[in-house]
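So the protein lines, in turn, are chains A and B.
The working numbering numbers the first residue of the first sequence as 1 and each following residue consecutively.
The working numbering numbers the first residue of the second sequence as 1001 and each following residue consecutively.
Worksheet: the structure to be examined is printed underneath.
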Amino acid sequence: RKEVEQDPGPFNVPEGATVAFNCTYSNSASQSFFWYRQDCRKEPKLLMSVYSSGNEDGRFTAQLNRASQYISLLIRDSKLSDSATYLCVVISWSASKIIFGSGTRLSIRP
Amino acid sequence: DTGVSQDPRHKITKRGQNVTFRCDPISEHNRLYWYRQTLGQGPEFLTYFQNEAQLEKSRLLSDRFSAERPKGSFSTLEIQRTEQGDSAMYLCASSLEGEPYEQYFGPGTRLTVT
């Protein structure tokens, strides 16, 4: 079993829809969590840090569920420009482990 | 532009040659990270520095790979005796020391080993 798992997708949703992704992790000692987006042949760009209390940035909401060991990303009112691969990152600083998921591909159709 | 920069952006080399990549982090960031990414996969952690100290090196990193950050500013990643399996995008990122350790990536160096 991979230490960090994401559904590879692709998720193909219409513009304006709400879409959610999960990212599960196996190391219960993990301490820091992030979501990145990556466009084709570009570098990953930080989307959001994920906090225990959850956080929201405009149309994007990230949640952390420590009990079930997953993080989630919710995108509301999706735009064509949201089409990208979404990567989760799980970090255990005590073990110096930084692990990216393989990414979830999202395609927004007009 | 005060983001992370990497040089070169592309490198084509023959198997067996040595290559060196450079990364310049965001100026106030004292943590610097190296990753490797292949098609369809997320970035794979290689190593990271806090200032000039190399704090962690992935077990996946063979002895042919070495990284330095001699003055705590820019970093170099060297691959000796390249193999075709080394072909990948090599990404550098930097962050501040301290929560939440948000990493910002450079554009990457795409290595092709022929």
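Note that the Cβ used here is the ideal one computed from N, Cα and C, for glycine as well.
Taking the Cβ atom as the reference point for each residue, do residue i and residue j lie within a distance shorter than 8 Å?
i, j, result
"Leu106 of chain A", "Asp82 of chain A", "yes"
"Ile108 of chain A", "Phe1045 of chain B", "no"
"Thr61 of chain A", "Leu74 of chain A", "yes"
"Glu1068 of chain B", "Thr1076 of chain B", "yes"
"Phe21 of chain A", "Ser72 of chain A", "yes"
"Val19 of chain A", "Ser78 of chain A", "yes"
"Tyr1101 of chain B", "Ser1095 of chain B", "yes"
"Thr1047 of chain B", "Leu1061 of chain B", "yes"
"Asp7 of chain A", "Thr104 of chain A", "yes"
"Tyr86 of chain A", "Arg41 of chain A", "no"
"Gly1106 of chain B", "Ser1005 of chain B", "yes"
"Ser32 of chain A", "Trp93 of chain A", "yes"
"Ser1087 of chain B", "Leu1111 of chain B", "yes"
"Gly1085 of chain B", "Ser102 of chain A", "no"
"Glu46 of chain A", "Gln1103 of chain B", "The amino acid at residue 46 of chain A is misidentified as Glu; the sequence shows Leu. Yes, they are a contact pair."
"Gln1080 of chain B", "Arg1064 of chain B", "yes"
"Glu1052 of chain B", "Ser96 of chain A", "no"
Which residues bound the beta strand (DSSP E) around residue i?
i, result
"Glu1099 of chain B", "Here Glu1099 of chain B belongs to no beta strand (DSSP E), and DSSP marks it neither H nor E."
"Pro14 of chain A", "11–14"
"Trp35 of chain A", "32–38"
"His1010 of chain B", "1010–1013"
"Thr1112 of chain B", "1109–1113"
"Trp1034 of chain B", "1031–1037"
"Asn27 of chain A", "Looking at the DSSP string, Asn27 of chain A is not in any beta strand (DSSP E), and its letter there is neither H nor E."
"Thr1047 of chain B", "1044–1050"
"Asp57 of chain A", "55–57"
"Phe1074 of chain B", "That residue, Phe1074 of chain B, is in no beta strand (DSSP E); it is neither H nor E in DSSP."
"Lys97 of chain A", "97–100"
"Thr1002 of chain B", "Per DSSP, Thr1002 of chain B belongs to no beta strand (DSSP E) and is neither H nor E."
Does DSSP put residue i in a helix, in a strand, or in coil?
i, result
"Asp1063 of chain B", "coil"
"Ser1058 of chain B", "coil"
"Ser81 of chain A", "helix"
"Gln1084 of chain B", "helix"
"Gln197 of chain A", "The structure shown does not extend to residue 197 of chain A, since chain A spans only 1 to 110, so no value can be given for it."
"Ser72 of chain A", "strand"
"Tyr51 of chain A", "coil"
"Ala1053 of chain B", "strand"
"Ser94 of chain A", "coil"
Classify residue i: buried if its beta carbon has 16 or more other beta carbons within 10 angstroms, exposed otherwise.
i, result
"Arg1036 of chain B", "buried"
"Asn1018 of chain B", "exposed"
"Glu43 of chain A", "buried"
"Leu1032 of chain B", "buried"
"Thr1109 of chain B", "buried"
"Leu1091 of chain B", "buried"
"Arg1 of chain A", "exposed"
"Thr1002 of chain B", "exposed"
"Pro14 of chain A", "exposed"
"Pro110 of chain A", "exposed"
"Pro1025 of chain B", "buried"
"Ser68 of chain A", "exposed"
Do three or more CB pairs link the stretch 1002–1016 of chain B to the stretch 24–42 of chain A at distances below 8 Å?
-> no
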